[in-house]
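Residue numbers (full-length UniProt numbering): 1 to 49.
A quick write-up on the structure given underneath.
Following this line, the structure appears as structure tokens:
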């Protein structure tokens, strides 16, 4: 994937309550209003061999 596409996919905040994706500047979840957001992990999740 191109660096632009990867940045667009990974530059998000994830709600710890409902797992919704939110914009990087969000202070609370757009779906449930919860204020506990985390930055989306930069590491790819998947099977390790």
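Where a beta carbon is used, it is the ideal one built from N, C-alpha and C, also for glycine.
Simplified DSSP assignment, three categories, for residue i
i          : result
residue 21 : strand
residue 30 : coil
residue 8  : helix
Closest Cα partner of residue i within the set the options
i          : options      : result
residue 25 : 4, 40 and 2  : 40
residue 33 : 19, 6 and 7  : 19
residue 17 : 28, 11 and 3 : 28
Residue i beta carbon near the ligand GTP (any heavy atom closer than 7 angstroms)
i          : result
residue 37 : Judged by which ligands are present, the structure shown has none, so any question about the ligand GTP falls away.
Rounded straight-line distance, which links the Cα of residue j to that of residue i
i          : j          : result
residue 30 : residue 22 : 7 angstroms
residue 49 : residue 35 : Here residue 49 scores only 48 on pLDDT, less than 50, and its place in the model should not be relied on; the value that follows carries that caveat. If you take the alpha carbons of residue 49 and residue 35, they lie about 36 angstroms apart.
N- and C-terminal bounds of the beta strand (DSSP E) containing residue i
i          : result
residue 38 : 37-39
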